[in-house]
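Novice: Using the working numbering, the first residue of the sequence shown is number 120, and each one after it goes up by one.
Even for Gly, the Cβ is constructed at its ideal location relative to N, Cα and C.
Can you keep this structure in mind? I'll have questions shortly.
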Amino acid sequence: MSAAGRVQFDFTGQNVVVTGASRGIGQGIAAAFAAAGASLWMLAEDDGIHPAADALGATPLRCDIRAPEAVAEALAPLGRIDVLVNNAGIERPTWLDDPAAGKVAAEVLSINVMGTEHVTRAALPKMGQGGRILLTSSIWGKTAVAGFSAYAASKHAMLGLMRSWAKELGPRGITVNAVCPGWIGTESALASAHEMARVEGRTQEAVMADILAAQAMPGLMLPQDIAALYLFLASEGAACISGQAVCIDRGETLA
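Below you can see the structure in the form of C-alpha coordinates.
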(Lines of atoms letter the chains of each structure in order from A and count residues from 1; the text may use other names and numbers.)
(Lines give C-alpha, C1' and ligand atoms only; values in the text may rest on other atoms or scores of the structure.)
Protein backbone atom coordinates (compact mmCIF):
# COMPACT_ATOMS: atom_id res chain seq x y z
CA MET A 1 0.00 0.00 0.00
CA SER A 2 1.27 3.48 -0.86
CA ALA A 3 1.88 6.12 1.79
CA ALA A 4 -1.11 8.05 0.45
CA GLY A 5 -3.24 4.98 1.06
CA ARG A 6 -2.07 4.62 4.66
CA VAL A 7 -2.54 8.30 5.58
CA GLN A 8 -6.09 9.59 5.31
CA PHE A 9 -6.72 12.91 3.56
CA ASP A 10 -10.07 14.34 2.51
CA PHE A 11 -10.22 16.74 -0.43
CA THR A 12 -13.94 16.36 -1.06
CA GLY A 13 -15.33 19.56 -2.56
CA GLN A 14 -11.90 20.87 -3.55
CA ASN A 15 -10.85 21.56 -7.13
CA VAL A 16 -7.35 20.28 -7.87
CA VAL A 17 -5.30 20.82 -11.04
CA VAL A 18 -2.25 18.62 -11.72
CA THR A 19 0.00 19.34 -14.70
CA GLY A 20 2.15 16.72 -16.40
CA ALA A 21 -0.46 14.24 -15.25
CA SER A 22 -0.57 11.74 -18.11
CA ARG A 23 2.17 9.52 -16.68
CA GLY A 24 4.90 9.14 -14.07
CA ILE A 25 4.93 11.31 -10.97
CA GLY A 26 2.03 13.46 -12.17
CA GLN A 27 -0.23 10.49 -12.72
CA GLY A 28 0.65 9.19 -9.25
CA ILE A 29 -0.16 12.56 -7.67
CA ALA A 30 -3.44 12.76 -9.56
CA ALA A 31 -4.44 9.25 -8.49
CA ALA A 32 -3.81 10.15 -4.84
CA PHE A 33 -5.95 13.30 -5.01
CA ALA A 34 -8.71 11.37 -6.79
CA ALA A 35 -8.66 8.72 -4.06
CA ALA A 36 -8.97 11.53 -1.49
CA GLY A 37 -12.19 12.75 -3.09
CA ALA A 38 -10.93 15.79 -5.01
CA SER A 39 -12.61 17.15 -8.10
CA LEU A 40 -9.67 16.67 -10.42
CA TRP A 41 -8.41 18.30 -13.60
CA MET A 42 -5.40 16.64 -15.26
CA LEU A 43 -3.33 18.65 -17.73
CA ALA A 44 -0.73 17.43 -20.22
CA GLU A 45 0.43 18.09 -23.76
CA ASP A 46 0.09 14.53 -25.08
CA ASP A 47 -2.96 12.49 -26.03
CA GLY A 48 -2.29 10.13 -23.12
CA ILE A 49 -4.02 12.60 -20.83
CA HIS A 50 -7.45 11.45 -22.01
CA PRO A 51 -7.25 7.77 -20.94
CA ALA A 52 -5.31 8.77 -17.81
CA ALA A 53 -8.06 11.18 -16.78
CA ASP A 54 -10.85 8.77 -17.73
CA ALA A 55 -9.32 6.11 -15.47
CA LEU A 56 -9.58 8.46 -12.48
CA GLY A 57 -12.91 10.10 -13.27
CA ALA A 58 -11.07 13.37 -13.87
CA THR A 59 -11.38 16.08 -16.51
CA PRO A 60 -8.57 16.07 -19.10
CA LEU A 61 -6.99 19.35 -20.17
CA ARG A 62 -4.68 19.08 -23.19
CA CYS A 63 -2.41 22.03 -23.94
CA ASP A 64 1.21 23.11 -24.38
CA ILE A 65 2.18 25.00 -21.24
CA ARG A 66 4.80 26.94 -23.21
CA ALA A 67 1.91 28.90 -24.76
CA PRO A 68 0.28 31.21 -22.17
CA GLU A 69 -2.81 31.74 -24.32
CA ALA A 70 -3.37 27.99 -24.59
CA VAL A 71 -2.99 27.59 -20.83
CA ALA A 72 -5.48 30.37 -20.12
CA GLU A 73 -7.96 28.79 -22.52
CA ALA A 74 -7.54 25.34 -20.94
CA LEU A 75 -8.16 26.65 -17.42
CA ALA A 76 -10.98 29.02 -18.40
CA PRO A 77 -13.83 26.57 -17.59
CA LEU A 78 -12.71 26.24 -13.96
CA GLY A 79 -14.54 28.62 -11.68
CA ARG A 80 -12.29 27.98 -8.69
CA ILE A 81 -8.94 26.28 -8.10
CA ASP A 82 -8.09 25.21 -4.56
CA VAL A 83 -4.88 23.30 -5.27
CA LEU A 84 -2.47 23.72 -8.18
CA VAL A 85 0.29 21.15 -8.66
CA ASN A 86 2.91 22.37 -11.13
CA ASN A 87 4.41 19.00 -12.00
CA ALA A 88 4.94 19.20 -15.78
CA GLY A 89 8.54 19.05 -16.93
CA ILE A 90 11.09 17.26 -19.07
CA GLU A 91 14.47 15.79 -18.18
CA ARG A 92 17.07 15.79 -20.97
CA PRO A 93 20.88 15.58 -21.14
CA THR A 94 22.65 18.77 -22.28
CA TRP A 95 26.35 17.98 -22.42
CA LEU A 96 28.48 21.04 -23.19
CA ASP A 97 30.35 19.27 -25.99
CA ASP A 98 27.10 18.33 -27.75
CA PRO A 99 26.42 20.89 -30.52
CA ALA A 100 22.70 20.11 -30.41
CA ALA A 101 22.40 20.63 -26.66
CA GLY A 102 21.69 24.36 -26.86
CA LYS A 103 18.34 23.79 -28.51
CA VAL A 104 17.50 21.05 -26.01
CA ALA A 105 18.45 23.32 -23.10
CA ALA A 106 16.12 26.03 -24.37
CA GLU A 107 13.26 23.53 -24.54
CA VAL A 108 13.94 22.25 -21.02
CA LEU A 109 13.97 25.77 -19.57
CA SER A 110 10.91 26.81 -21.57
CA ILE A 111 8.78 23.94 -20.31
CA ASN A 112 10.09 23.53 -16.78
CA VAL A 113 10.42 27.19 -15.82
CA MET A 114 8.28 29.34 -18.10
CA GLY A 115 5.60 26.65 -18.36
CA THR A 116 5.31 26.66 -14.58
CA GLU A 117 5.03 30.44 -14.61
CA HIS A 118 2.36 30.43 -17.32
CA VAL A 119 0.18 27.90 -15.50
CA THR A 120 0.49 29.70 -12.18
CA ARG A 121 -0.38 33.08 -13.70
CA ALA A 122 -3.47 31.63 -15.37
CA ALA A 123 -4.59 29.78 -12.24
CA LEU A 124 -4.00 32.53 -9.68
CA PRO A 125 -7.14 34.62 -10.38
CA LYS A 126 -9.16 31.49 -9.59
CA MET A 127 -7.47 30.90 -6.21
CA GLY A 128 -8.56 32.38 -2.92
CA GLN A 129 -7.72 32.35 0.78
CA GLY A 130 -6.32 28.98 1.76
CA GLY A 131 -5.16 28.10 -1.76
CA ARG A 132 -2.20 25.82 -2.28
CA ILE A 133 0.45 25.95 -5.00
CA LEU A 134 2.90 23.06 -5.24
CA LEU A 135 5.87 22.63 -7.56
CA THR A 136 7.75 19.46 -8.43
CA SER A 137 11.43 20.36 -8.33
CA SER A 138 14.13 17.72 -7.74
CA ILE A 139 17.05 16.90 -5.51
CA TRP A 140 19.02 18.23 -8.49
CA GLY A 141 17.33 21.55 -7.73
CA LYS A 142 19.46 21.59 -4.58
CA THR A 143 22.54 19.82 -5.94
CA ALA A 144 23.53 19.00 -9.54
CA VAL A 145 24.89 16.26 -11.77
CA ALA A 146 27.17 16.24 -14.79
CA GLY A 147 25.51 16.37 -18.19
CA PHE A 148 22.09 17.65 -17.09
CA SER A 149 22.92 21.31 -16.53
CA ALA A 150 19.74 22.73 -18.10
CA TYR A 151 17.53 20.38 -16.13
CA ALA A 152 19.37 21.17 -12.88
CA ALA A 153 19.19 24.90 -13.66
CA SER A 154 15.45 24.62 -14.31
CA LYS A 155 14.86 22.89 -11.00
CA HIS A 156 16.96 25.47 -9.13
CA ALA A 157 14.91 28.17 -10.89
CA MET A 158 11.67 26.55 -9.79
CA LEU A 159 12.79 26.87 -6.18
CA GLY A 160 13.42 30.56 -6.81
CA LEU A 161 9.92 30.95 -8.20
CA MET A 162 8.48 29.06 -5.25
CA ARG A 163 10.23 31.18 -2.62
CA SER A 164 9.36 34.47 -4.30
CA TRP A 165 5.74 33.44 -4.81
CA ALA A 166 5.52 32.35 -1.17
CA LYS A 167 6.47 35.90 -0.14
CA GLU A 168 4.15 37.49 -2.69
CA LEU A 169 1.09 35.34 -2.03
CA GLY A 170 1.42 34.86 1.71
CA PRO A 171 -0.67 37.96 2.50
CA ARG A 172 -3.46 36.40 0.43
CA GLY A 173 -3.41 33.22 2.49
CA ILE A 174 -1.95 31.11 -0.33
CA THR A 175 0.92 28.79 0.51
CA VAL A 176 3.59 27.84 -2.03
CA ASN A 177 5.93 24.88 -1.56
CA ALA A 178 8.08 22.54 -3.63
CA VAL A 179 8.66 18.81 -3.47
CA CYS A 180 12.17 17.66 -4.39
CA PRO A 181 12.02 13.95 -5.27
CA GLY A 182 15.04 11.72 -5.46
CA TRP A 183 15.23 8.78 -7.82
CA ILE A 184 11.81 7.51 -8.90
CA GLY A 185 11.22 4.53 -11.17
CA THR A 186 9.77 6.62 -14.00
CA GLU A 187 10.55 6.46 -17.70
CA SER A 188 12.37 9.81 -17.65
CA ALA A 189 14.53 8.99 -14.62
CA LEU A 190 15.54 5.61 -16.00
CA ALA A 191 16.37 7.26 -19.33
CA SER A 192 18.71 9.60 -17.45
CA ALA A 193 20.38 6.64 -15.78
CA HIS A 194 20.79 5.04 -19.21
CA GLU A 195 22.46 8.22 -20.51
CA MET A 196 24.80 8.34 -17.52
CA ALA A 197 25.73 4.71 -18.13
CA ARG A 198 26.42 5.40 -21.81
CA VAL A 199 28.80 8.25 -21.06
CA GLU A 200 30.56 6.35 -18.27
CA GLY A 201 30.87 3.18 -20.34
CA ARG A 202 29.03 1.11 -17.75
CA THR A 203 25.79 -0.78 -17.58
CA GLN A 204 22.61 0.96 -16.47
CA GLU A 205 22.30 -1.63 -13.72
CA ALA A 206 25.71 -0.65 -12.34
CA VAL A 207 24.85 3.05 -12.41
CA MET A 208 21.54 2.46 -10.64
CA ALA A 209 23.26 0.30 -8.03
CA ASP A 210 25.61 3.19 -7.19
CA ILE A 211 22.73 5.68 -7.11
CA LEU A 212 20.67 3.57 -4.73
CA ALA A 213 23.72 2.82 -2.57
CA ALA A 214 24.03 6.57 -1.91
CA GLN A 215 20.63 6.56 -0.21
CA ALA A 216 20.35 6.08 3.53
CA MET A 217 17.39 3.77 2.84
CA PRO A 218 17.75 1.23 0.03
CA GLY A 219 15.33 0.83 -2.84
CA LEU A 220 13.93 2.72 -5.81
CA MET A 221 10.85 4.83 -5.08
CA LEU A 222 7.70 4.77 -7.19
CA PRO A 223 5.35 7.71 -7.88
CA GLN A 224 2.83 6.48 -5.32
CA ASP A 225 5.54 6.55 -2.63
CA ILE A 226 5.78 10.34 -2.78
CA ALA A 227 2.15 11.29 -3.43
CA ALA A 228 1.23 11.61 0.25
CA LEU A 229 3.70 14.48 0.64
CA TYR A 230 1.80 16.48 -1.97
CA LEU A 231 -1.49 15.73 -0.23
CA PHE A 232 -0.09 16.81 3.12
CA LEU A 233 1.30 20.09 1.77
CA ALA A 234 -2.09 20.75 0.17
CA SER A 235 -3.98 19.94 3.36
CA GLU A 236 -5.17 22.14 6.21
CA GLY A 237 -2.48 20.56 8.37
CA ALA A 238 0.16 22.37 6.30
CA ALA A 239 -1.48 25.81 6.58
CA CYS A 240 1.61 27.26 8.28
CA ILE A 241 4.13 25.77 5.84
CA SER A 242 5.19 27.96 2.92
CA GLY A 243 8.36 28.70 0.97
CA GLN A 244 9.80 25.25 1.66
CA ALA A 245 11.64 22.84 -0.63
CA VAL A 246 11.02 19.41 0.87
CA CYS A 247 13.25 16.52 -0.20
CA ILE A 248 11.77 13.04 -0.42
CA ASP A 249 14.70 10.88 -1.47
CA ARG A 250 15.20 8.01 1.00
CA GLY A 251 17.92 10.04 2.69
CA GLU A 252 20.15 10.64 -0.33
CA THR A 253 20.79 14.35 0.12
CA LEU A 254 20.25 14.59 3.89
CA ALA A 255 19.16 18.19 3.21
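Would you mind sorting L194 into buried or exposed? The rule is 16 or more other CB atoms within 10 Å of its CB.
Specialist: buried
Novice: Which runs of the alpha helix (DSSP H) spanning at least 4 residues fall entirely within the segment 126-185, listed in chain order?
Specialist: 143-154 and 168-175
Novice: For the beta strand (DSSP E) containing T239, name the first residue and the last one.
Specialist: Looking at the DSSP string, T239 is not in any beta strand (DSSP E); the run it does join, the alpha helix (DSSP H), is G234 to A242.
Novice: N206 by DSSP, collapsed to three states: which one?
Specialist: coil
Novice: Contact between the segment 329-346 and the segment 139-155 is defined here as three or more beta-carbon pairs at a separation below 8 angstroms; is this criterion met?
Specialist: yes
Novice: Any chance the segment 319-335 sits against the segment 268-287, with 3 or more Cβ pairs inside 8 angstroms?
Specialist: no
Novice: I need the DSSP call for M340, collapsed to helix, strand or coil.
Specialist: strand
Novice: Taking 8 angstroms as the cut-off, decide whether the C-beta atoms of C299 and S229 are in contact.
Specialist: no
Novice: Please report the distance separating the alpha-carbon of T294 from that of E287.
Specialist: 10 angstroms
Novice: Would you identify the three-state DSSP class for A219, choosing helix, strand or coil?
Specialist: coil
Novice: Is L373 helix, strand or coil when you go by DSSP?
Specialist: Correct three-state label for L373: coil.
Novice: Would you call the segment 326-333 and the segment 227-242 in contact, with 3 or more CB pairs under 8 angstroms?
Specialist: no
Novice: Just to confirm, are A207 and A171 a CB contact at a threshold of 8 angstroms?
Specialist: no
Novice: For G145, count the other beta carbons within 10 Å of its own beta carbon; 16 or more makes it buried, fewer makes it exposed. Which is it?
Specialist: Result: buried.
Novice: How is the alpha helix (DSSP H) around P290 delimited, first residue to last?
Specialist: No alpha helix (DSSP H) contains P290, which DSSP labels as neither H nor E.
Novice: For V318, is the classification buried or exposed, using 16 other Cβ atoms within 10 angstroms of its Cβ as the cut-off for buried?
Specialist: Classification of V318: exposed, given that the 10 Å Cβ count is below 16.
Novice: Is E210 closer than 8 angstroms to S307 when the C-beta atoms are compared?
Specialist: yes
Novice: Quick one: what's got a C-beta closer than 6 angstroms to A357's C-beta in the same chain, skipping five residues either side?
Specialist: F351
Novice: Let me know the secondary structure DSSP gives I345 once reduced to three states.
Specialist: helix
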